[in-house]
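2 protein chains.
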Amino acid sequence: MKKSYLEMSKEELLQLKAALQEDFKTEEAKGHSLNMARGKPGRAQLELAMPMLDILNSQSDMNTILGNDTRNYGDLDGIGECRRLMADMMEVQKDNVIVCGNSSLNIMYDTIARSMAFGVNGSTPWFKLDSVKFLCPVPGYDRHFQITEQFGIEMIPIPMDSNGPDMDLVEKYVNNDASVKGIWCVPKYSNPAGISYSDEVVLRFAHLKPAAEDFRIYWDNAYCIHHLYKDIQDKILNILDECTKAGNPDMVYIFASTSKISFPGSGVSAIATSEKNLDYILSKMTVQTIGHDKINQLRHVRFFNGIDGLHEHMKKHADILRPKFEAVLEELDNELAGLDIGTWVKPRGGYFISFNAMPGCAKSIVAKCRQLGVILTAAGATYPYGNDPQDSNIRIAPSFPSPEEMAVASKVFVLCVKLASVEKLLENK
Amino acid sequence: MKKSYLEMSKEELLQLKAALQEDFKTEEAKGHSLNMARGKPGRAQLELAMPMLDILNSQSDMNTILGNDTRNYGDLDGIGECRRLMADMMEVQKDNVIVCGNSSLNIMYDTIARSMAFGVNGSTPWFKLDSVKFLCPVPGYDRHFQITEQFGIEMIPIPMDSNGPDMDLVEKYVNNDASVKGIWCVPKYSNPAGISYSDEVVLRFAHLKPAAEDFRIYWDNAYCIHHLYKDIQDKILNILDECTKAGNPDMVYIFASTSKISFPGSGVSAIATSEKNLDYILSKMTVQTIGHDKINQLRHVRFFNGIDGLHEHMKKHADILRPKFEAVLEELDNELAGLDIGTWVKPRGGYFISFNAMPGCAKSIVAKCRQLGVILTAAGATYPYGNDPQDSNIRIAPSFPSPEEMAVASKVFVLCVKLASVEKLLENK
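Going line by line, the protein sequences match chains W and V.
Remember, our numbering sits 206 above the position in the first sequence when you count from 1.
Remember, our numbering sits 206 above the position in the second sequence when you count from 1.
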């Protein structure tokens, strides 16, 4: 059993620090160049979808099942068979889905932009309001927070535990404050915590009684089928169904894409919501564009050949990703367990491992890693305005480097965690 | 020589009307179903780009010249070689170009939306202003007008002649009214008039002295290489160069796409403007999306293999489109010349023929054509708010039907023009 750093004397800490500094110099001399900053698929994952490029060729029938030519203008809401595929993936009905371009982030941005400019289904445009607020479960996805920040929306952090956001707090805000217009959620294998919302949390979401008629849940189901294991897979309740049952049929927008299934940047994205919401969105979207890339939609439909094909494909991704996650987790377990200088959750899917360092250490750890050539997401990025009040949370993205590189990067990471923690503890000795 | 309708007596007109009504019944009995409403490429044109689908396959090198993997995230502003291709097409420098998604209309929409929300390079967001106005050369592109209408921007029609917009009026508004923030232009083979701006017009644009610092020219060069003939091709002055020379380097946004070169909906689009403007756009766009479809950019680059390849490809389009335009023009010449009931211009490129009926006849003509099964763009659509004060302009889109169908549709069209004109003339007899 290792000795907790918290129980060490000043003398012991100083001795440890000296040893860690030696290790630090050794690693520095190696000149690492590794990146764990972003949830980017690795090369082997990209190879998985290469046969998709053979699916359509100059001899292909380019018509949809209904006989529409995918090469020409039309089908603003996406071709029927791709709406079906995305609906199956998102576990909703086809009529509740619009397939868009290559980026679900872009759909989210446009959804916020549209609400700012025009309101939601006839409500007052948010630009005309003195105050617009969003709830932001933390730690969360930095790009969500950047969208609301860009539009000057006030962000309120909501703590998360292993069941999801603190629903007492969510209910307090949503049900009482009409300036609260939304909440950002990554409900499954969350970014970055890797947790999935419990049934109770989803049900409490569905039964919210928003003070604002134009309050919506922004349900970014980015990792809906992105499991790491075959035997243990998280399952969350269907938020659209539950909202409908609870008398809140229009309260949720669900977003998803194939960016981490086919190709990042060349996938298809979709929004799922009530038909009433879709009608409003389409009434604006029809002025924004004539339509999205339907040839790419057809390519996806024919390649995956239905939801079963999607799931089969995701197993191949899991086989590539799992060893990378395990390389990190093994190192964390081996090196940090029992030291009381950090906590982490072992995720069953998604793209991230969330590490909580001792308060006041995250920035120092990220800086030290950078000094050793290992790039991490900026400390604080997982909080609105980049401000982690505890300076504790670090998002680790193991997907891009190889498992071997991940092992090296993890060694560097734990070294920096140890050194930063010792330095922090010595401040108060 | 045919007798002008204007010179006919009531008796002659009544006789003519009876004969035309007989023809109308004959055509009605045929049950036509033809569409000349939108600038949609025809099937044969779509076939031209089918070999593009063979360009990338599972064995392809997917890296850019710089070694970036097009399959992964990155290159927000587009891959370098596609920026070069679009720059060459738009006759600007690569550094002045961002390549975006599949729709230049979407770029225009987002550019307006961004200006509404955030202003232009630091100016006051338009939403905070009491009045925002756009100048709209007429007849113009209905989808431009729909964008500005959706955002509540006041649209001021500006008459056009065969040289372009009435520049006296443009200068009067732009140089004196700080609420005038933009002007919609289709400078080459304009939609729908088919005319190209004269050098004098372009120069007067470049030398505007806008009262508003955030005034921009929205230069939709949709038909920049869309010639119909090999020997007579319009050439317009380079607006970005001329603006720079005139001390207005940031005053113009240029838009273009390959929607009518490769595939509508599956092409690539681009914006060209000053680097200062691009920096500002990218500072917002980086929150809106992680990037556009770079695999499709690579597909376009490798298929067209440079600007010469683009031009060669456009010759094939011209060969398909020319007979369709000629079928309409021949019918107009044969049947309407000398009757004094309509004028039209023979375009040398683009996608439309603009027909000016006798005042007060456009709606009637379009309705009659619809009754005979020939769908035209709604009368008035070429004017802001769908309001053609003369009720005169009709946009004919000859691209989608076959030449044989176009011949039939044109016969129907001239019949309806004649009948509507006779009815109008009889009102005042």
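Here a beta-carbon is modelled for each residue, glycine too, at the ideal position from N, C-alpha and C.
Straight-line CA distance for residue i to residue j?
{"i": "V/I445", "j": "V/L409", "result": "8 Å"}
{"i": "V/K635", "j": "V/E355", "result": "40 Å"}
{"i": "W/N302", "j": "W/I423", "result": "16 Å"}
{"i": "W/Y403", "j": "W/C391", "result": "9 Å"}
{"i": "V/K605", "j": "V/E536", "result": "The residue you asked about is not Lys; residue 605 of chain V is Ser in the sequence shown. Approximately 16 Å between the Cα atoms of the pair."}
{"i": "W/N427", "j": "W/S570", "result": "32 Å"}
{"i": "W/D367", "j": "W/D485", "result": "36 Å"}
{"i": "V/L542", "j": "V/E297", "result": "39 Å"}
{"i": "V/N562", "j": "V/E233", "result": "23 Å"}
{"i": "V/R601", "j": "V/T549", "result": "12 Å"}
{"i": "V/K585", "j": "V/Y591", "result": "Note that residue 585 of chain V corresponds to Ala in the displayed sequence, not to Lys. Going by the C-alpha atoms only, they are around 11 Å apart."}
{"i": "W/I389", "j": "W/K451", "result": "20 Å"}
{"i": "W/V338", "j": "V/I513", "result": "48 Å"}
{"i": "W/A243", "j": "W/A603", "result": "6 Å"}
{"i": "V/Q251", "j": "W/A615", "result": "53 Å"}
{"i": "W/N540", "j": "W/K617", "result": "10 Å"}
{"i": "V/L212", "j": "V/I353", "result": "40 Å"}
{"i": "W/F469", "j": "V/L538", "result": "51 Å"}
{"i": "W/P565", "j": "W/I460", "result": "34 Å"}
At a CB-CB cut-off below 8 Å, which residues of chain W make contact with residue i?
{"i": "V/K500", "result": "G471, S472"}
{"i": "V/Y315", "result": "V493, Q494, T495"}
{"i": "V/K630", "result": "The contacting residues do not exist; V/K630 stays about 33 Å from chain W at best."}
{"i": "V/R244", "result": "Y279"}
Grab the span of the beta strand (DSSP E) containing residue i for me, first residue to last.
{"i": "W/I460", "result": "458-463"}
{"i": "W/P609", "result": "Here W/P609 belongs to no beta strand (DSSP E); instead the alpha helix (DSSP H) covers 609-633."}
{"i": "V/N369", "result": "Careful: V/N369 lies outside any beta strand (DSSP E) and carries neither H nor E."}
{"i": "V/N274", "result": "No beta strand (DSSP E) holds V/N274; DSSP gives it neither H nor E."}
{"i": "V/L341", "result": "339-344"}
{"i": "V/L582", "result": "580-582"}
Using a Cβ cut-off of 7 Å, pull out every chain W residue sitting near residue i, in sequence order please.
{"i": "V/S309", "result": "T495, I496"}
{"i": "V/P247", "result": "N278"}
What is the residue span of the alpha helix (DSSP H) that residue i lies within?
{"i": "V/F561", "result": "That residue, V/F561, is in no alpha helix (DSSP H); its beta strand (DSSP E) goes 559-563."}
{"i": "V/G515", "result": "513-542"}
{"i": "W/Y375", "result": "Per the sequence shown, residue 375 of chain W should be read as Leu rather than Tyr. First-last of the alpha helix (DSSP H) with W/L375: 373-382."}
{"i": "V/Y424", "result": "Note, V/Y424: premise wrong, no alpha helix (DSSP H); beta strand (DSSP E) at 422-426."}
{"i": "V/V298", "result": "Premise fails: V/V298 is in no alpha helix (DSSP H) and is neither H nor E."}
{"i": "W/K242", "result": "Checking the sequence shown, residue 242 of chain W turns out to be Met, not Lys. Segment 240-242 is the beta strand (DSSP E) holding W/M242; no alpha helix (DSSP H) there."}
{"i": "W/A476", "result": "W/A476 -> not in any alpha helix (DSSP H); beta strand (DSSP E) instead, spanning 475-478."}
{"i": "W/K490", "result": "481-494"}
{"i": "V/N312", "result": "310-324"}
{"i": "V/I501", "result": "500-510"}
Would you decide whether residue i is buried or exposed? Buried here means 16 or more other CB atoms lie within 10 Å of its CB.
{"i": "V/K441", "result": "exposed"}
{"i": "V/L488", "result": "exposed"}
{"i": "W/G370", "result": "buried"}
{"i": "W/I547", "result": "buried"}
{"i": "V/L578", "result": "buried"}
{"i": "W/T330", "result": "exposed"}
{"i": "V/K334", "result": "exposed"}
{"i": "V/N502", "result": "buried"}
Measure how close the beta-carbons of residue i and residue j come, nearest whole angstrom, since I'm counting them as under 8 Å.
{"i": "V/F558", "j": "V/G346", "result": "Wrong, their Cβ atoms sit about 11 Å apart, outside the cutoff."}
{"i": "W/G307", "j": "W/S465", "result": "Contact flag wrong, Cβ pair sits at about 11 Å."}
{"i": "W/G556", "j": "W/Y429", "result": "4 Å"}
{"i": "W/S560", "j": "W/N599", "result": "6 Å"}
{"i": "W/V580", "j": "W/H238", "result": "6 Å"}
{"i": "V/P529", "j": "V/P607", "result": "Not quite, the Cβ-Cβ distance comes to about 11 Å (not below 8 Å), so this is no contact."}
{"i": "V/G471", "j": "W/G497", "result": "5 Å"}
{"i": "W/I467", "j": "W/H519", "result": "7 Å"}
{"i": "W/I271", "j": "W/G284", "result": "Contact doesn't hold; Cβ gap of about 13 Å is too wide."}
At a CB-CB cut-off below 7 Å, which residues of chain V make contact with residue i?
{"i": "W/P257", "result": "S264"}
{"i": "W/M292", "result": "Result: empty, since nearest Cβ-Cβ is about 17 Å, beyond 7 Å."}
{"i": "W/N312", "result": "Q494, T495"}
Can you pull the chain V neighbours of residue i, defined as C-beta to C-beta under 9 Å?
{"i": "W/I353", "result": "V493, Q494"}
{"i": "W/L252", "result": "M268, D275, R277, N278"}
{"i": "W/K490", "result": "Q356"}
Check the Cβ of residue i against every Cβ in chain V and list those closer than 8 Å, keeping chain order.
{"i": "W/D260", "result": "N263, S264"}
{"i": "W/A323", "result": "A319, M322, A323, F333, F357"}
List the residues of chain W that residue i touches, going by C-beta distances under 9 Å, in chain order.
{"i": "V/N483", "result": "Near V/N483 there are no residues of chain W at all, since even the closest Cβ is about 18 Å away, more than 9 Å."}
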